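Peer 1:
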């Protein structure tokens with residue numbers, strides 16, 4: 011089934027594990043993780059010829075790359091392979107799902123299709139998760155794996171990564187979320203891998219800042235220390251100010267905002283919050299001065315100065331008045347005018363020039379944390395080398411790379427149209443970047459995952475060289491050792507975990523028995539679940555796709571429909587429309603004012619509801635005044651007479667919605683139609699109009715029309731006429747008569763009169 015492919019011994023060994031277990035495969039870049047995935051895909055296709063293979067990867071370029079690799083390797087027609095991304099309409103994806111045997115998708119896209127009911131995971135025999143270390147928190151991988159295990163009768167999960175990180179709890183979380191039973195890992199030093207790897211020479215270059223450059227750092231450090239010492243005078247800091255990390259300062263800032271939201275608004279706290287904001291900006295400036303180009307530092311400092319002219323933020327206005335800040339900016343600009351830069355840049359340019367002088371066709375990648383630094387590197391190399399920057403899609407300073415642009419740059423690099431690729435972190439993960447001769451780190455990164463990914467770009471087809479630039483006595487040195495120890499710890503953790511995962515034969519049989527028992531219980535409960543789904547249904551706006559609340563509703567067996575709702579986010583019955591916001595979104599909507607428009611639309615429904623999920627103390631970090639929050643809550647409840655309910659999280663929100671939907675939908679789901687668009691047939695239009703009146707709804711609308719025949723007769727009916735309908739008692743008859751006969755002018759005189 012695979013074309014001209016002979017697996018290496020370690021690939022065959024890993025494949026044997028994959029054949030019988032859900033497996034996490036940890037293999038350095040360039041050692042054939044994709045080939046192993048192809049091997050297990052071929053086996054599953056042979057065992058389950060009518061089932062599908064799903065391969066998910068975080069980005070569209072990665073997905074396209076994997077589809078091409080599989081398509082080239084399998085003896086199957088092009089129509090057997092389908093690409094699922096957000097740029098392909100849902101209706102087209104639904105059609106492709108029916109025809110194709112291999113589905114390559116971004117996780118969010120196929121998650122949306124599962125939520126919409128366009129994709130049935132029971133048809134899948136193998137689910138491959140690329141860059142599996144992402145399977146944490148609310149990332150789509152987590153939901154997809156859970157849903158797949160619940161729905162499919164032939165589960166096999168393969169998780170691929172070059173590095174899952176060094177945190178044992180995170181690796182356990184990834185393994186748990188992806189239902190991993192075995193871990194297969196190799197390093198470049200593993201005995202069965204060693205014959206297939208090339209030596210990678212790693213060199214660390216330490217640089218020392220020049221005296222003028224050090225003066226910039228000193229001025230910024232003085233300014234930074236002054237701010238923290240002032241906070242210490244207020245009694246809010248203890249010990250040497252130099253001992254506080256950026257993380258600690260951010261935590262303290264959040265705590266102070268929380269104090270304000272709790273009513274503790276002292277002058278000391280208010281001033282400390284402003285001083286902390288200044289300190290954090292200075293901390294970042296110090297890092298740039300020590301580890302990045304002066305061009306990047308100047309862009310940042312001058313950006314603060316420029317924004318201060320129109321900013322109302324006290325921290326920015328105070329910072330630009332600080333003599334030390336202004337001195338640092340002045341020296342930075344003077345050095346740039348003299349064409350003086352960070353010593354790292356000089357060494358980097360010199361090294362690359364020497365390489366290209368000896369080997370003009372050499373391929374080189376330079377990794378840089380910051381775009382401004384990357385741009386400056388490109389500028390310095392332009393005198394003697396052809397190069398290109400490679401950025402992500404996020405727009406910063408007016409610059410972004412579309413996926414089309416990224417693809418074009420990589421294709422040009424592959425075709426040797428330029429020699430040096432200067433990339434930010436977007437090039438670290440998974441992209442099909444050609445193997446290169448030399449890799450430069452403009453700065454070390456304090457992450458085992460990122461270090462392994464960067465280093466893996468060289469040494470695939472011959473000896474590789476890595477050069478890491480480190481500024482002595484700075485954060486660079488700390489990052490260097492953090493990365494070293496994390497990577498060392500990662501393999502130690504993997505060794506320990508693999509022993510606990512890779513069970514003995516008897517233990518495996520017990521595990522297998524348990525899994526079979528679970529499957530039997532799931533099968534026996536299928537009819538039960540289907541029955542529950544006919545009791546009630548909930549309609550969610552299609553923009554809610556991927557939310558944790560939606561996933562909890564699905565987990566609870568809710569018959570969920572995704573539609574385009576013009577008003578609100580959820581419909582729990584024809585009468586109950588819910589505007590749903592988490593705490594952050596609620597606060598944002600106060601700031602941008604859109605909440606008032608939403609409220610005006612929401613009151614059109616007989617039973618509007620406003621639900622806020624989460625802790626509104628988040629106002630602390632959003633800097634929304636507590637009076638504004640209380641004022642808006644009062645406006646919703648009093649001015650608009652809309653009930654406001656609060657929930658702690660997605661699970662509680664789901665339980666609340668289910669309770670309301672069950673209570674409201676007493677007539678069953680057959681008559682549960684939503685007023686999202688006007689029906690076309692006249693009879694349906696009549697039901698729509700009558701059902702729109704308060705307290706009526708679709709079930710009663712149908713009964714009224716069947717009895718009175720015309721809308722006119724309904725409107726002119728008496729209380730006694732209404733009572734002849736089986737569904738209407740004394741109270742309902744009186745309410746309906748009042749709706750159709752009460753004077754509008756009288757109601758306007760006292761809008762609050764019941």
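In the working numbering, the protein residues as written are 11 to 764. Ideal Cβ placement from N, Cα and C applies to all residues, glycine included. All values derive from a computational prediction rather than experimental measurement.
Per the DSSP calculation, residue 376 is bridged to which residue(s)?
Peer 2: Taking the chain shown and counting its residues from 1, the one referred to as residue 376 is at position 366. 432, 450.
Peer 1: Using the beta-carbon count (16 or more within 10 Å), is residue 263 buried or exposed?
Peer 2: Within the chain shown, numbered from 1, the residue matching residue 263 stands at position 253. With 16 or more Cβ atoms within 10 Å of its Cβ, residue 263 is classed as buried.
Peer 1: Closest by CA to residue 90, which one among 61, 100, 116, 99?
Peer 2: Translated into the one-based positions of the chain shown, residue 90 becomes position 80. Cα-wise, what sits closest to residue 90 is 61.
Peer 1: How about residue 217 and residue 100: are their beta carbons less than 8 Å apart?
Peer 2: Indexing the chain shown from 1 puts residue 217 at position 207. Indexing the chain shown from 1 puts residue 100 at position 90. Not a contact, by the Cβ cut-off of 8 Å.
Peer 1: Among the candidates 183, 433, 580, 281, whose CA atom is the shortest distance from the CA of residue 144?
Peer 2: Here residue 144 is taken as the residue at index 134 of the chain shown, counted from 1. The option with the nearest alpha carbon to residue 144 is 183.
Peer 1: Would you report the Cα separation of residue 336 and residue 385, rounded to the nearest angstrom?
Peer 2: By one-based count along the chain shown, residue 336 stands at place 326. By one-based count along the chain shown, residue 385 stands at place 375. If you take the alpha carbons of residue 336 and residue 385, they lie about 25 Å apart.
Peer 1: With 16 as the cutoff for other CB atoms within 10 Å, does residue 107 come out buried or exposed?
Peer 2: Residue mapping note: residue 107 aligns to position 97 of the chain shown, counting from 1. Result: buried.
Peer 1: Measure the CB-CB distance between residue 432 and residue 362 and report whether it falls below 8 Å.
Peer 2: For the purposes of this step, residue 432 is taken as the residue at position 422 of the chain shown. For the purposes of this step, residue 362 is taken as the residue at position 352 of the chain shown. No. Outside cutoff.
Peer 1: What does the alpha-carbon distance come out to for the pair residue 709 and residue 744?
Peer 2: The count along the chain shown starts at 1 and reaches residue 709 at position 699. The count along the chain shown starts at 1 and reaches residue 744 at position 734. Roughly 19 Å between the two C-alpha positions.
Peer 1: Which two residues bound the contiguous beta strand (DSSP E) that contains residue 474?
Peer 2: For the purposes of this step, residue 474 is taken as residue 464 along the chain shown, with counting starting at 1. Counting along the chain, the beta strand (DSSP E) containing residue 474 begins and ends at 474-481.
Peer 1: Can you check whether the CB of residue 475 is closer than 8 Å to the CB of residue 358?
Peer 2: Sequence index remark: in the chain shown, residue 358 carries index 348 (1-based). Sequence index remark: in the chain shown, residue 475 carries index 465 (1-based). Result no, Cβ atoms of residue 358 and residue 475 do not sit closer than 8 Å.
Peer 1: Three Cβ pairs or more, each shorter than 8 Å: is that satisfied between the region 35-49 and the region 111-124?
Peer 2: No: fewer than three Cβ pairs fall under 8 Å.
Peer 1: Determine the closest residue to residue 560 out of 125, 24, 75, with distance taken between C-alpha atoms.
Peer 2: The residue you call residue 560 lines up with position 550 of the chain shown. Here the closest residue by C-alpha is 125.
Peer 1: Taking 6 Å as the limit between beta carbons, can you name the residues of its chain near residue 178, skipping five residues before and five after?
Peer 2: Along the chain shown, read from residue 1 onward, the residue named residue 178 stands at position 168. For residue 178, where only same-chain residues beyond five positions count, the Cβ hits under 6 Å are 503.
Peer 1: Where residue 417 and residue 703 are concerned, what is the direct C-alpha to C-alpha distance, given to the nearest angstrom?
Peer 2: Looking up residue 417 in the chain shown gives position 407. Looking up residue 703 in the chain shown gives position 693. If I take the Cα positions, the gap works out to 55 Å.
Peer 1: Alpha carbons only, please: which of 220, 594, 175, 341 is nearest the one belonging to residue 492?
Peer 2: Residue 492 sits at position 482 when you count from the first residue of the chain shown. With distances taken between Cα atoms, residue 492 lies closest to 175.
Peer 1: Counting beta carbon pairs with one atom in the region 225-241 and one in the region 319-339, are three or more of them shorter than 8 Å?
Peer 2: Yes, the region 319-339 is in contact with the region 225-241.
Peer 1: Tell me, which residues are paired with residue 569 by DSSP?
Peer 2: Within the chain shown, numbered from 1, the residue matching residue 569 stands at position 559. According to DSSP, which records beta bridges pairwise, residue 569 is partnered with 547.
Peer 1: DSSP three-state call for residue 332: helix, strand or coil?
Peer 2: Mapped onto the chain shown, residue 332 falls at position 322. Coil.
Peer 1: Tell me the rounded alpha-carbon separation between residue 161 and residue 189.
Peer 2: Translated into the one-based positions of the chain shown, residue 161 becomes position 151. Translated into the one-based positions of the chain shown, residue 189 becomes position 179. Looking at the two C-alpha atoms, the distance is approximately 14 Å.
Peer 1: So, using beta-carbon positions, are residue 619 and residue 586 closer together than 8 Å?
Peer 2: The count along the chain shown starts at 1 and reaches residue 619 at position 609. The count along the chain shown starts at 1 and reaches residue 586 at position 576. Their beta carbons are under 8 Å apart, which means residue 619 touches residue 586 by this criterion.
Peer 1: Three Cβ pairs or more, each shorter than 8 Å: is that satisfied between the region 285-302 and the region 233-243?
Peer 2: Verdict: yes, contact present.
Peer 1: Find out if the Cβ-Cβ distance for the pair residue 395, residue 429 is shorter than 8 Å.
Peer 2: Here residue 395 refers to the residue found at position 385 of the chain shown. Here residue 429 refers to the residue found at position 419 of the chain shown. The answer is yes: Cβ separation under 8 Å.
Peer 1: Using alpha carbons as the reference points, say which of 40, 369, 401, 342 lies closest to residue 376.
Peer 2: For the purposes of this step, residue 376 is taken as the residue at position 366 of the chain shown. Closest option to residue 376, Cα to Cα, is 401.
Peer 1: Going by C-alpha distance, which of 725, 173, 471 is nearest residue 747?
Peer 2: By 1-based counting over the chain shown, the position of residue 747 is 737. Minimum Cα distance to residue 747 is reached at 725.
Peer 1: Which of the three DSSP states is assigned to residue 580 in this structure?
Peer 2: Stepping through the chain shown from its first residue, residue 580 is reached at position 570. Residue 580: strand per DSSP, three-state reduction.
Peer 1: Could you tell me the alpha carbon to alpha carbon distance between residue 260 and residue 132, rounded to whole angstroms?
Peer 2: As a working mapping, residue 260 is identified with position 250 in the chain shown. As a working mapping, residue 132 is identified with position 122 in the chain shown. If I take the Cα positions, the gap works out to 46 Å.
Peer 1: Kindly indicate the opening and closing residues of the beta strand (DSSP E) around residue 15.
Peer 2: As a working note, residue 15 is residue 5 in the chain shown. Segment: none, residue 15 is in no beta strand (DSSP E) and carries neither H nor E.
Peer 1: So residue 365 and residue 448 are in contact, right, with Cβ under 8 Å, and what is the actual spacing, rounded?
Peer 2: Here residue 365 corresponds to residue number 355 of the chain shown, with the count starting at 1. Here residue 448 corresponds to residue number 438 of the chain shown, with the count starting at 1. Correct: roughly 6 Å between the Cβ atoms.
Peer 1: Which whole runs of the alpha helix (DSSP H) in the region 231-273 are 4 residues long or more, in chain order?
Peer 2: Listed in chain order, they are 256-271.
Peer 1: Throw me the rounded Cβ distance for the residue 460 and residue 435 pair, which I believe falls under 8 Å.
Peer 2: Looking up residue 460 in the chain shown gives position 450. Looking up residue 435 in the chain shown gives position 425. So it is a contact: roughly 7 Å between Cβ atoms.
Peer 1: Between which residues of its own chain and residue 714 is the CB-CB distance below 8 Å, once the five residues before and five after are set aside?
Peer 2: The sequence position of residue 714 within the chain shown is 704, counting from 1. Contacts found: 700, 706, 724, 735.
Peer 1: By alpha-carbon positions, which one of 289, 347, 297, 308 ends up nearest to residue 325?
Peer 2: Residue numbering aside, residue 325 sits at position 315 when the chain shown is read from its first letter. Of the listed residues, the one whose Cα sits closest to residue 325 is 289.
Peer 1: Looking at the strands, I want to know which residues DSSP matches up with residue 592.
Peer 2: Start at 1 with the first residue of the chain shown, and residue 592 comes out as number 582. Beta-bridge pairing links residue 592 to 623.
Peer 1: Going residue by residue through the region 342-393, where are the continuous beta strand (DSSP E) segments of at least 3 residues, counting only ones entirely within it?
Peer 2: Fully enclosed beta strand (DSSP E) runs of 3 or longer: 374-377.
Peer 1: Quick one: is the Cβ of residue 350 within less than 7 Å of any heavy atom of the ligand ZN?
Peer 2: As presented, the structure is devoid of all ligands, the ligand ZN included, so that no description of it is given.
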